[in-house]
Amino acid sequence: MYDVKAVYEAKSVSEAISLRQEHPQAVIIAGGSDVLIKIREGKLAGCELISIYGIDSLRGVTLEADGTLRIGSLTSFSHITRNALIQKYINVLGEAVDKVGGPQIRAIGTIGGNTCNGVTSADSASTLMAWDAVIELTGPEGVRRVPIEKFYVGAGRVDIQAGEIQTGILIPKESYENCAGHYIKYGMRNAMEIATTGCSVNVRLSADKKTLERLRIGYGVAGPVPIRAHKTEAAFNGAGVSLATAEGISKSVLEDVNPRDSWRASRDMRLHLCSEMAKRGFIEAVRLCGGEIL
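Using the working numbering, the first residue of the sequence shown is number 2, and each one after it goes up by one.
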């Protein structure tokens, strides 16, 4: 049994916003793969729920006129993985969310729920960080768009204001055009496992595939929120595509990350993982982008 006081079902974005205003303490529920567990654990016992699962306009992946990839917040992990636009332009996101839970979770879990949950271990988060995603929020004052780095404001906390719901995730054309990326998740098991550490790397190479025109590295569980390795990116943008660059990146990222000790892994182990993942992710991203590490 679930200890729930009331459930309100929204049929449209405007209705969901109205319900948020009428019931400011209510919890938004979509697929429920995170919320229902918290209710069973007693963390949300006696709560009110606002279900947005019936708002079909928040599902699907589209390409906007300016080339922006728009992912509706209710798009499930399984639909993201199989979507033709994702496979063409940002296949690494499909690969990342395909590592979430098992088939049942991926069929019901949504990209919006994964990001709004605010946890640093979310498999989508480091890839969305590395691709400069923008979070779209809709509320009483209209639409607000927040870069994903500013969306995560603290451990388990995100920037959703009173009356707002997340309606989309946007990937600008500049962030994916002529780029390729790779995501690595480390866990003690190969499946049904929360990430001990996750790393997503993408690159854009010069026409001759010899120079690194752009580097992006995102991490999960390398800090209290998903993070970007900005110092390393700045240091190696413009570097030659080589094993020396890969080795340099693996050392440099240690200045960007700040993992903690936990029962899953020690800080030292996570530092080692961050270093090795950056190297392996870079090498594979270069290969996927048509380059070769010599």
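C-beta atoms are modelled at their ideal positions from N, C-alpha and C, and glycine is treated no differently.
Using 8 Å for Cβ pairs, my map puts Gly113 next to Ser77. What's the rounded Cβ distance?
Not a contact, Cβ separation roughly 10 Å.
To the nearest angstrom, how far is the alpha carbon of Arg41 from that of Ala66?
Cα-Cα distance, rounded: 44 Å.
Roughly how many whole angstroms lie between the Cα atoms of Thr69 and Ile87?
Their Cα atoms are separated by approximately 12 Å.
Val202 and Leu213: beta carbons closer than 9 Å?
In terms of Cβ geometry, Val202 and Leu213 do not form a close pair [threshold 9 Å].
In the DSSP assignment, find the unbroken alpha helix (DSSP H) run with Gln22 in it and report its ends.
14 to 23 is the extent of the alpha helix (DSSP H) around Gln22.
Can you check whether the CB of Ala236 is closer than 9 Å to the CB of Gly249?
In this structure, Ala236 lies closer than 9 Å to Gly249 by Cβ.
Proximity winner among Ala46, Phe283, Ile72, Val159, relative to Arg215 (alpha-carbon distances):
With distances taken between CA atoms, Arg215 lies nearest to Phe283 out of Ala46, Phe283, Ile72, Val159.
Spatial neighbours of Ser207 within its chain, please: C-beta separation below 6 Å, excluding the five flanking residues on both sides.
Its chain contains Glu214 as the residues whose beta carbon lies nearer than 6 Å to that of Ser207, once the 5 sequence neighbours on both sides are disregarded; these appear in chain order.
Bridge partner(s) assigned by DSSP for Cys200:
Cys200 pairs with Ile185, Tyr220.
Would you mind giving the Cβ-Cβ distance between Gly292 and Val254, rounded to the nearest angstrom? I have them listed as a contact below 8 Å.
The beta-carbon distance between Gly292 and Val254, rounded to whole angstroms, is 20 Å. This is too long to meet the 8 Å contact definition.
Looking at Gly224 and Thr128, is the spacing between their C-beta atoms short of 9 Å?
In this structure, Gly224 does not lie closer than 9 Å to Thr128 by Cβ.
By the DSSP assignment, the alpha helix (DSSP H) with Lys39 in it spans what residues?
Run containing Lys39: 36 to 41, per the alpha helix (DSSP H) assignment.
With Ile56 and Ala11 assumed to form a contact (beta carbons below 8 Å), what rounded beta-carbon distance in angstroms separates them?
The Cβ separation is near 6 Å, so the contact holds.
In terms of residues, what are the limits of the beta strand (DSSP E) holding Ser52?
Under the DSSP assignment, Ser52 falls in the beta strand (DSSP E) whose first and last residues are 48 to 52.
Figure out for me which residue from Gln162, Ala266, Asp35 has the closest Cα to the Cα of Ala123.
Among Gln162, Ala266, Asp35, the Cα nearest to that of Ala123 belongs to Asp35.
Tell me which residues share the same chain as Asn118 and place their Cβ nearer than 6 Å to its Cβ, disregarding the 5 neighbours each side in the sequence.
Cβ neighbours of Asn118 beyond the five flanking positions: Asp35.
Report, in whole angstroms, the separation of the C-beta atoms of Gly221 and Ala286, which I expect to be a contact under 8 Å.
Not really, about 17 Å apart at Cβ, beyond 8 Å.
Residue burial classification, Ile38 (beta-carbon count within 10 angstroms, cutoff 16)
So Ile38 ends up on the exposed side.
How is Leu213 classed by DSSP in three states: helix, strand or coil?
DSSP places Leu213 in strand when its eight states are reduced to three.
Tell me whether Lys1 sits in a helix, a strand or coil according to DSSP, three-state version.
Absent from the model: residue 1. The displayed extent of the chain is 2 to 295, so no value can be given.
Residues in its own chain within less than 6 Å of Asp99 by CB, not counting five upstream and five downstream?
Result list for Asp99: Thr82, in chain order.
Any chance you could list the beta strand (DSSP E) runs of at least 3 consecutive residues sitting entirely within the stretch 99 to 151, in chain order?
Counting only runs of 3 or more, we get 135 to 140, 143 to 148.
Assuming Ile172 is part of the beta strand (DSSP E), what are its boundary residues?
Per DSSP, Ile172 belongs to the beta strand (DSSP E) from 166 to 172.
The stretch 134 to 154 in contact with the stretch 188 to 200 per 3-pair CB rule at 8 Å
Flag = no, the stretch 134 to 154 and the stretch 188 to 200 do not touch.
Report back the beta-carbon spacing between Gly219 and Ala131 to the nearest angstrom; my notes put them in contact at under 8 Å.
Between Ala131 and Gly219 the Cβ distance is about 3 Å, and since that is below 8 Å, they are a contact.
Rounding to the nearest angstrom, what Cα-Cα distance links His273 and Leu171 in this structure?
Cα-Cα distance, rounded: 32 Å.
Distance between Thr168 and Ile185 (C-alpha atoms, nearest Å)
Spanning the two alpha carbons is a distance of roughly 27 Å.
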